[in-house]
DNA sequence: CGCAGGGACTTAACCGGAAAAGTCGGTGCC
DNA sequence: GGCACCGACTTTTCCGGTTAAGTCCCTGCG
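Encoded structure:
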């Protein structure tokens with residue numbers, strides 16, 4: 001089937017291509033009657049202006065890019081990205097922007113993708129996830145002048161716009177809550193150490209533990225997978241001075257940790273309290289349900305998308321603080337059993 | 001920063017635009033020496049041909065579309081889609097095709113998106129998920145002549161290409177396994193009843209139960225969420241003749257079901273055996289680990305993508321059967337406790 | 001010696017829109 | 001009455017590629 005072009009509309013309306021273009025774009029230069037006629041014909045034959053032709057003339061591709069740099073298996077089990085994407089999507093499709101997705105192997109590949117997208121004018125801007133310390137992508141994007149919004153921070157975003165959440169405050173709140181319950185030996189199973197937000201959380205953990213006079217603030221690095229979360233938990237629980245509470249950097253690891261505790265004969269929350277970062281429905285499906293640090297991730301994505309559209313529209317790059325994760329206590333936390 | 005165009009390359013190489021085009025596309029018409037010189041200059045100034053200009057001349061957008069019609073929360077927790085996407089991506093990016101993603105509210109919106117994508121020449125083809133009985137999308141895609149691959153079936157795909165997995169056989173295998181263990185009262189918590197593969201599974205369930213002389217093959221419809229899975233499980237387990245085994249249409253509902261069983265004081269697998277369809281790492285993180293029907297979902301996505309590229313390339317639409325899900329027995333299934 | 005043939009390019013036309021510049025009939029105004 | 005101005009279009013140019021159709025020079029051959 002042949003796709004209708006602007007010339008088809010023009011022919012049927014008995015006017016020139018230019019007139020059709022003006023009519024469709026709400027520009028002056030055509031009478032109201034003619035405009036209505038043209039619009040009716042366009043709708044009738046199902047005309048949609050070619051993105052290619054339009055972006056060749058104008059400058060926008062009406063698409064934004066998102067490159068995800070995580071192994072396939074991590075992407076699957078972590079609800080985070082899919083929720084983020086659906087939030088981004090909601091915002092974009094309301095303005096009929098498309099989302100171009102690409103899964104990449106590493107930062108090198110991601111930078112290459114950005115350069116290509118920019119050169120091909122395939123996207124008008126990009127969303128950047130998983131910020132790292134001294135992130136290579138930031139200077140590249142600045143150099144290219146490709147509009148971008150970093151999802152993460154604070155700090156390390158250079159001159160790029162960003163949306164961030166105060167992980168530090170959320171962590172402090174969690175530790176204070178556990179201490180209020182009576183815990184003194186608190187450990188943490190962290191996410192990928194290379195990620196900036198992991199670093200921020202680790203640093204905040206060290207600080208708050210020192211301030212509250214707790215023993216060493218151990219963070220066992222991990223990679224967000226259940227296996228690694230389980231391994232890290234085994235290590236922690238086998239130690240002579242095993243912790244009475246563990247904070248996990250995502251829900252999958254927390255569930256794995258719960259499983260390990262039960263397998264080692266420890267009662268949760270009696271012998272061990274567990275807190276999960278990121279509150280997905282999964283946290284409520286296990287026994288006991290997990291106390292979790294939740295926030296509205298689709299909204300987070302929507303805010304990032306909205307800001308990106310603003311930057312594309314010419315707004316100056318700003319740093320927007322999003323909601324801080326809040327603690328939802330459930331069955332997995334309690335005062336430590338005194339023996 | 002100004003993006004380099006083919007004219008910039010031509011100027012620096014001291015040749016015409018045409019020569020550069022021939023050189024870059026491996027066409028005859030330039031000497032080997034000139035070709036190398038042009039290639040070197042293009043690489044040096046970071047030239048990437050504009051997608052828009054290229055697809056305006058040629059015909060391809062070098063992108064495929066995927067519209068997902070599920071509420072945001074379901075999308076997030078179900079690993080299925082993200083795994084599928086990463087598989088699709090792997091195949092596409094190897095051929096430097098982009099994936100355009102759109103989350104839509106309903107089939108109506110999805111059809112509109114297809115029409116728009118087609119009219120805008122934004123994509124060269126689409127992947128269709130969540131096939132329904134008498135699916136509206138199939139005739140529309142056929143009418144438009146937009147290359148498409150349906151992920152699902154068999155049946156209901158009209159003249160479109162498809163990739164499918166024999167859910168019927170997988171379900172029969174599962175029931176036979178449970179019966180071999182000694183179960184006689186088997187129930188099922190199904191996915192969205194409107195989806196064709198739910199229908200196929202339900203029909204297969206009825207058939208195999210009849211064949212094996214089992215009691216009524218009850219399928220409680222659900223929507224893939226943990227809450228609904230829990231509710232359905234409560235209903236089943238409260239019945240006078242409660243089942244000794246339940247098959248769940250996804251892993252999230254199975255985990256919710258496990259949780260409900262434990263909360264009702266039933267031992268798994270002693271009092272109740274549980275089987276989950278779709279084997280994600282989550283199934284191994286709970287206690288007991290869940291017996292699951294697994295298959296390689298990224299590969300499934302990759303096959304679909306490969307077939308779509310073939311259809312775009314002009315191959316006739318074929319129906320490819322993918323791997324059948326296979327049962328991985330774990331701790332959640334055992335012979336029913338005899339009392 | 002003259003001419004066909006072919007390699008190596010250049011020129012120009014096109015793809016489908018957007019938008020600047022031009023055309024033309026009608027009006028208001030001095 | 002003549003002229004500037006305006007609305008409503010049409011014509012033309014441009015965006016950055018691809019590609020058919022030249023152009024030009026060199027070689028081989030009768």
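Protein chains in written order, with this note's numbering: chain A, 1 to 339; chain B, 1 to 339.
Where a beta carbon is used, it is the ideal one built from N, C-alpha and C, also for glycine.
#1: Roughly how many angstroms lie between the CA atoms of residue 227 of chain A and residue 287 of chain B, to the nearest whole one?
#2: What does residue 102 of chain B touch in chain A if you count any residue whose Cβ is under 8 Å from its own?
#3: Excluding the 5 residues flanking residue 272 of chain A on each side, which residues of the same chain have their C-beta closer than 6 Å to its C-beta?
#4: Can you name the start and end residues of the beta strand (DSSP E) that residue 328 of chain A belongs to?
#5: Only counting runs of 4 or more residues, tell me where the alpha helix (DSSP H) segments fall wholly within the segment 6-45 of chain A, in order along the chain.
#6: Hey, quick one: how far does the beta strand (DSSP E) through residue 273 of chain B stretch, first residue to last?
#7: Please report the Cβ distance between residue 241 of chain B and residue 257 of chain B, rounded to the nearest whole angstrom; I am assuming they are in contact, meaning their Cβ atoms lie under 8 Å.
#8: Using a Cβ-Cβ distance cut-off of 9 Å, determine whether residue 28 of chain A contacts chain B.
#9: Could you check whether residue 304 of chain A and residue 84 of chain A sit closer than 9 Å to each other, using their CB atoms as the reference points?
#10: Determine the DSSP secondary structure at residue 218 of chain B, reduced to helix, strand or coil.
#11: So residue 128 of chain A and residue 63 of chain A are in contact, right, with Cβ under 8 Å, and what is the actual spacing, rounded?
#12: To which residues does DSSP link residue 100 of chain B through a beta bridge?
#13: To the nearest angstrom, how far is the alpha carbon of residue 116 of chain A from that of residue 103 of chain A?
#14: Does any C-beta atom of chain B lie closer than 9 Å to the C-beta of residue 126 of chain A?
#15: Helix, strand or coil: which one does DSSP assign to residue 204 of chain A?
#16: Rounded to the nearest angstrom, what separates residue 235 of chain B and residue 188 of chain B at their Cα positions?
#17: Check whether the segment 75-95 of chain B and the segment 295-304 of chain B are in contact - that is, three or more C-beta pairs closer than 8 Å.
#18: Between residue 277 of chain A and chain B, is there a C-beta pair that is closer than 9 Å?
#19: Using 8 Å for Cβ pairs, my map puts residue 276 of chain A next to residue 290 of chain A. What's the rounded Cβ distance?
#20: Between residue 225 of chain A and residue 190 of chain A, how many whole angstroms is the CB-CB distance? I'm expecting something under 8 Å.
#21: So the alpha helix (DSSP H) residue 178 of chain A belongs to, where does it begin and stop?
#22: Per the DSSP calculation, residue 248 of chain B is bridged to which residue(s)?
#23: By the criterion of Cβ-Cβ separation under 8 Å, what are the contact partners of residue 287 of chain A in chain B?
#24: Taking only the alpha-carbon atoms, compute the straight-line gap between residue 126 of chain A and residue 149 of chain A and give it to the nearest angstrom.
#25: Taking residue 51 of chain A as the reference, give the member of B/49, B/121 and B/74 with the closest Cα.
#26: Between which two residues does the beta strand (DSSP E) holding residue 128 of chain B run?
#27: Considering just the uninterrupted stretch of the alpha helix (DSSP H) at residue 112 of chain A, what are its terminal residues?
#28: What does residue 119 of chain A touch in chain B if you count any residue whose Cβ is under 7 Å from its own?
#29: With 16 other CB atoms within 10 Å as the buried threshold, where does residue 338 of chain B fall?
#30: If contacts are defined as beta-carbon pairs under 8 Å, then residue 333 of chain A and residue 178 of chain A qualify, I think. What distance do you get, rounded to the angstrom?
#31: Rounded to a whole number of angstroms, what is the C-alpha to C-alpha distance between residue 200 of chain B and residue 168 of chain B?
#32: Just by C-beta distance, which residues in the segment 226-243 of chain B are closer than 8 Å to chain A?
#33: In the DSSP assignment, find the unbroken alpha helix (DSSP H) run with residue 226 of chain B in it and report its ends.
#34: Can you list the alpha helix (DSSP H) stretches of 4 or more residues lying completely in the segment 290-326 of chain B, in chain order?
Taking the structure as given:
#1: CA-to-CA, the gap between residue 227 of chain A and residue 287 of chain B works out to about 15 Å.
#2: Those within 8 Å of residue 102 of chain B in chain A are 89, 93, 98 and 99.
#3: If we look at residue 272 of chain A and ignore the five residues flanking it on each side, its Cβ neighbours are 261 and 266.
#4: Per DSSP, residue 328 of chain A is one residue of the beta strand (DSSP E) stretching across 326-328.
#5: Correct list: 6-13, 17-24 and 32-44.
#6: 273-277 is the extent of the beta strand (DSSP E) around residue 273 of chain B.
#7: About 18 Å separates the two Cβ atoms, so there is no contact after all.
#8: Not one chain B Cβ lies under 9 Å of residue 28 of chain A.
#9: Taking 9 Å as the cut-off, the Cβ atoms of residue 84 of chain A and residue 304 of chain A count as close.
#10: DSSP places residue 218 of chain B outside both helix and strand once states are collapsed to three, so it counts as coil.
#11: At roughly 16 Å, the Cβ-Cβ gap does not stay under 8 Å, so residue 128 of chain A and residue 63 of chain A are not in contact.
#12: Residue 100 of chain B has A/100 and B/65 as its beta-bridge partners, per DSSP.
#13: Our two residues, residue 116 of chain A and residue 103 of chain A, have alpha carbons roughly 14 Å apart in a direct line.
#14: For residue 126 of chain A, the nearest beta carbon of chain B is not closer than 9 Å to its own beta carbon.
#15: Three-state DSSP puts residue 204 of chain A in a helix.
#16: Each residue's Cα considered, the two are about 12 Å apart.
#17: Yes, they touch.
#18: For residue 277 of chain A, the nearest beta carbon of chain B is not closer than 9 Å to its own beta carbon.
#19: 5 Å between Cβ atoms; contact.
#20: About 13 Å separates the two Cβ atoms, so there is no contact after all.
#21: Residue 178 of chain A -> alpha helix (DSSP H) spans 167-181.
#22: Per DSSP, B/189 and B/276.
#23: Contacts between residue 287 of chain A and chain B, judged by CB atoms closer than 8 Å, involve 259, 262 and 263 in chain order.
#24: Each residue's CA atom was taken as its position, placing residue 126 of chain A and residue 149 of chain A some 7 Å apart.
#25: That would be B/121, whose Cα lies nearest to the Cα of residue 51 of chain A.
#26: Judged by DSSP secondary structure, residue 128 of chain B falls within the beta strand (DSSP E) whose first and last residues are 125-128.
#27: Residues 107-120.
#28: In chain order: 3, 46, 47 and 48.
#29: Exposed, by the Cβ-count rule.
#30: Right, the Cβ-Cβ distance comes to about 7 Å (below 8 Å), so this counts as a contact.
#31: Near 6 Å, if we compare the C-alpha coordinates of residue 168 of chain B and residue 200 of chain B.
#32: So the close ones are 226, 227 and 230.
#33: Unbroken alpha helix (DSSP H) run through residue 226 of chain B: 226-238.
#34: Listed in chain order, the complete alpha helix (DSSP H) runs (minimum 4 residues) inside the segment 290-326 of chain B are 297-312.
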